[in-house]
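Read through the structure below, which is laid out as structure tokens, and then see the notes.
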Amino acid sequence: MKKFYAFAAAAVAAVSMNAQLYVCGNGTNMGWAPEAPLTVELTDGAYKFVAEGASEFKISAAMGDWDAFNGAAKTCTVAKEDMGKAIDLPDGDANITLPWSGDWNVTVAGDLSTITLTTDTPEPTGPATFYVRGAVNNWLNDGMDEAWQFKHVDGDLYEIECSLE
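Residue numbers for the sequence shown follow my numbering, beginning at 17 and rising by one.
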């Protein structure tokens, strides 16, 4: 029984020593580099950070290459109606996509079970802006280019014309 208690104490110490959450995303205070993510410390039982100018991000309990990061990642779907509510945060390597781009106050429970998001950034009005992103255009890492932007046609209909060689 003493061995079990010693093992449990060592496990708790290891978790508390590495009480960090790692964040990659398109915010101005983060990037898409899993080997050098935004690092958030556990404070008062939660991970709290601001995703500045963000529309999507990923969170993980591990950093390193994408395999390591995605292997310990959490995900959820965020709707406008979820603002200010604790949303379940299951395992998964999909991005957490926010309802609109802005400065988001993010609180993740210390056990990584839920995420709560709030923002003072007003919801945009008018048509949304969408871009084609991927290996074909270096994920738009050089900045948003109108050549890759969808044009608003009507209502929820958007189109893009492109030719690839």
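C-beta: ideal position from N, C-alpha, C; glycine also.
Computed from a predicted structure; not experimentally measured.
Length of the line joining the Cα atoms of Phe146 and Ala35: For the purposes of this step, residue 146 is identified with residue 130 of the sequence shown, where counting begins at 1. For the purposes of this step, residue 35 is identified with residue 19 of the sequence shown, where counting begins at 1. If I take the Cα positions, the gap works out to 36 Å.
Ala70 and Trp116: beta carbons closer than 8 Å? Translated into positions along the sequence shown, residue 70 becomes position 54. Translated into positions along the sequence shown, residue 116 becomes position 100. In this structure, Trp116 does not lie closer than 8 Å to Ala70 by Cβ.
Quick test of the definition: if touching needs 3 or more C-beta pairs under 8 Å, does the stretch 81-101 touch the stretch 149-156? no
Buried versus exposed, by CB contacts within 10 Å (16 or more), Thr135: By one-based count along the sequence shown, residue 135 stands at place 119. Buried is the call here.
Residues in its own chain within less than 6 Å of Gly108 by CB, not counting five upstream and five downstream? In the sequence shown, residue 108 corresponds to position 92, counting from 1. Contacts found: Thr91.
Please classify Gly61 as buried or exposed, where buried requires at least 16 other C-beta atoms within 10 Å of its C-beta. Within the sequence shown, residue 61 is the residue found at index 45, counting from 1. Exposed is the call here.
Beta-carbon proximity list for Met160, same chain, < 7 Å, skipping 5 on both sides: Indexing the sequence shown from 1 puts residue 160 at position 144. Hits under 7 Å: Tyr147.
Please report how far the alpha carbon of Tyr38 lies from the alpha carbon of Ile103, in whole angstroms. For the purposes of this step, residue 38 is taken as residue 22 along the sequence shown, with counting starting at 1. For the purposes of this step, residue 103 is taken as residue 87 along the sequence shown, with counting starting at 1. Cα-Cα distance, rounded: 19 Å.
For the beta strand (DSSP E) that Ala110 lies in, which residues bound it at each end? Looking up residue 110 in the sequence shown gives position 94. Segment: none, Ala110 is in no beta strand (DSSP E) and carries neither H nor E.
Which class does Asp119 belong to by DSSP, given the choice of helix, strand or coil? Against the sequence shown, residue 119 aligns to sequence position 103. The answer is strand: DSSP assigns Asp119 an E or B state.
Taking all protein chains shown into account, decide if Ile176 is buried (16 or more other Cβ within 10 angstroms of its Cβ) or exposed. For the purposes of this step, residue 176 is taken as residue 160 along the sequence shown, with counting starting at 1. So Ile176 counts as exposed.
Report the rounded CA-to-CA distance for Asn42 versus Glu139, giving the unit in angstroms. Walking along the sequence shown from the start, residue 42 turns up at place 26. Walking along the sequence shown from the start, residue 139 turns up at place 123. So the two alpha carbons sit approximately 18 Å from each other.
Three-state secondary structure assigned by DSSP to Tyr21: Position 5 of the sequence shown, counted from the first residue, corresponds to residue 21. Because the pLDDT of Tyr21 is 48, which lies under 50, any placement of that residue in the model is unreliable, and the question is left without a value.
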